[in-house]
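Number of protein chains: 2
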Amino acid sequence: MRERVVTASVVIIGNEILSGRTQDTNLAHIALQLNEWGVRVREARVVPDVLETVVAAVNEARAAFDYVFTTGGIGPTHDDITVDCIAAAFDVPVVVSEEIAAVIRRRPAPPQVMESRMRMARIPRGASLVRNPTGGPQGFRMDNVFVMAGIPAVMQAMLSTLGDQLEGGSVVHSRSVTAHLGESEIADGLEDIQRRYPHIDLGSYPFYRDNVYGTTLVMRGADETALERVLAEVRGIIEARGAVPRDP
Amino acid sequence: MRERVVTASVVIIGNEILSGRTQDTNLAHIALQLNEWGVRVREARVVPDVLETVVAAVNEARAAFDYVFTTGGIGPTHDDITVDCIAAAFDVPVVVSEEIAAVIRRRPAPPQVMESRMRMARIPRGASLVRNPTGGPQGFRMDNVFVMAGIPAVMQAMLSTLGDQLEGGSVVHSRSVTAHLGESEIADGLEDIQRRYPHIDLGSYPFYRDNVYGTTLVMRGADETALERVLAEVRGIIEARGAVPRDP
Chain C
1 MRERVVTASV VIIGNEILSG RTQDTNLAHI ALQLNEWGVR VREARVVPDV LETVVAAVNE
61 ARAAFDYVFT TGGIGPTHDD ITVDCIAAAF DVPVVVSEEI AAVIRRRPAP PQVMESRMRM
121 ARIPRGASLV RNPTGGPQGF RMDNVFVMAG IPAVMQAMLS TLGDQLEGGS VVHSRSVTAH
181 LGESEIADGL EDIQRRYPHI DLGSYPFYRD NVYGTTLVMR GADETALERV LAEVRGIIEA
241 RGAVPRDP
Chain S
1001 MRERVVTASV VIIGNEILSG RTQDTNLAHI ALQLNEWGVR VREARVVPDV LETVVAAVNE
1061 ARAAFDYVFT TGGIGPTHDD ITVDCIAAAF DVPVVVSEEI AAVIRRRPAP PQVMESRMRM
1121 ARIPRGASLV RNPTGGPQGF RMDNVFVMAG IPAVMQAMLS TLGDQLEGGS VVHSRSVTAH
1181 LGESEIADGL EDIQRRYPHI DLGSYPFYRD NVYGTTLVMR GADETALERV LAEVRGIIEA
1241 RGAVPRDP
């Protein structure tokens, strides 16, 4: 089976994530959604609302990965600097999108409020728009960089529109099985399997719940035949250790 | 007021975070705890279980920030490679810690299991140990890099022991206030305040809950007198817009 690997980086922009005030949930959502489209998240960074830092992170990421997805910093306030960062990263000026401006004007507001909201119509020159099914201002795409909102519901809506724009590769499938065994009780068998199936990513995740220690083994890879073989072998190891393979 | 800024980077090691299978909660916990000790998280990276990638991330982070905290990859299985990564980053060999080995030997196990568990006694030469109040194998410290477990309860226990080892700077305090106003309804006033108080980080976070749109304004900084002034001004803006300043 020939595997085509398409990669992505996620750049999470926002002081509130780095201060611990806000728990990010966007990364996990983006990773799961992209995987369905055959795109694998290979790195994520959380960066503060500081122009040079965001520019450096985006420029490194867009050179190293097929796609980059950013979240956060596209609202109407002074701390929303993502548009300026992306324009700086691509060395283009910021322009006003008449399409976004029209969406903003649909909701009446006093002049001062309208002026603030118009900040959200600013995009880097050459950007195309990312639709926003929640009805608010759009995100945008520059080359291989997709710029989305930080609010999870809005980000999720924007991301849901992007499937057609991504050229995905092989989709990663997964199998998993759980045992009431400590990690070290199955560690040696796993290493041997991993060596024989280098294209399958075999992960071992210990847990403690309901007063029981256990380990979940997760196999991930594009080749479903190989996945089934690895799953059978892992189940065999669990049984050989006198335990019962369970659904996670 | 002279402000002393001490910074940290968090490196989250683990394929399971990048695949979306596991929701990271360690970053927010570390950020909140470090802030109490006067250390500010300025960047976080999520990297896969790939040696060269982890080594590069750790080496960049330890050069750029006062402290680095890693989570994940210190268990007994083949995918636990953090020890090897840190040793490679510092260009030192991996050795066996007799202190950790003694902790591991306290829990009897069959020879093969004991051998796997002994993987957790490996540390980079020159590392000092990070205590593990949960009773399991320890983490370790190399220079300004602290290596902790990935399981949240274990990581939190390890982190709780580190306060004495960190030389913190000014502690960041915060104030916050909420209004049932859209972000754009207060955006212009905020920008002016931010300009006059450059040492206070004034963040604006829109939300939608219980059928109400609102915005929470968060002020963060070391200077509590300035914080109180900014809070009063922000409350003034909210009232001037005809809304009620509320506790978030």
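Protein chains in written order, with the numbering used here: chain C, 1 to 248; chain S, 1001 to 1248.
Glycine residues also receive a C-beta, built at the ideal position from the N, C-alpha and C atoms.
Since the model is a prediction, treat every value here as computed from it, not as a measurement.
Amino acids of chain C, ordered along the chain, whose beta-carbon sits closer than 7 Å to that of residue i
i, result
"GLN1165 of chain S", "Under the 7 Å cutoff, chain C gives no residues; its nearest Cβ is about 20 Å from GLN1165 of chain S."
"VAL1047 of chain S", "GLU43"
"VAL1113 of chain S", "SER184, GLU185"
"GLY1203 of chain S", "ASN15, GLU16, ASP79"
Short CB-CB distance (under 8 Å) between residue i and chain C
i, result
"PRO1108 of chain S", "no"
"ASP1084 of chain S", "no"
"SER1097 of chain S", "no"
Residues that residue i contacts on chain S, provided the C-beta gap is smaller than 9 Å
i, result
"GLY315 of chain C", "Limits of chain C in this structure are 1 at one end and 248 at the other, which puts residue 315 of chain C out of reach."
"VAL218 of chain C", "ASN1015, GLU1016, SER1019, ARG1021"
Residue i - containing alpha helix (DSSP H), residue span
i, result
"VAL1055 of chain S", "1051–1064"
"ILE1250 of chain S", "Outside the displayed range of chain S (1001 to 1248) lies residue 1250 of chain S, so it cannot be described from this structure."
"ARG1241 of chain S", "Careful: ARG1241 of chain S lies outside any alpha helix (DSSP H) and carries neither H nor E."
"ARG196 of chain C", "187–196"
"ALA1101 of chain S", "1098–1105"
Cutoff 8 Å: residue i Cβ touching any chain S Cβ
i, result
"GLU60 of chain C", "no"
"PRO206 of chain C", "yes"
"GLY75 of chain C", "yes"
"ARG117 of chain C", "yes"
Check: residue i C-beta below 7 Å from any heavy atom of the ligand FAD
i, result
"CYS1085 of chain S", "Here there are no bound small molecules, and the ligand FAD is not part of this structure."
First and last residue of the uninterrupted beta strand (DSSP E) at residue i
i, result
"GLY214 of chain C", "212–221"
"ALA179 of chain C", "173–179"
"GLY1075 of chain S", "From DSSP, GLY1075 of chain S is part of no beta strand (DSSP E); its letter is neither H nor E."
"ASP201 of chain C", "201–209"
"VAL1011 of chain S", "1007–1013"
Cutoff 8 Å: residue i Cβ touching any chain B Cβ
i, result
"VAL234 of chain C", "This model lacks chain B altogether, as its protein chains are C and S."
Q) Which runs of the beta strand (DSSP E) fall wholly inside the stretch 16–41 of chain C and span at least 3 residues, in chain order? A) none
Q) Using a Cβ cut-off of 7 Å, which residues of the stretch 180–195 of chain C contact any Cβ in chain S, in chain order? A) GLU183, SER184, GLU185, ALA187, ASP188, LEU190, GLU191, GLN194
Q: List in chain order: all unbroken alpha helix (DSSP H) runs of 4+ residues lying wholly within the stretch 1114–1164 of chain S.
A: 1152–1160
Q) Can you list, in chain order, the residues of the stretch 1143–1175 of chain S whose Cβ is nearer than 7 Å to any Cβ on chain C? A) ILE1151
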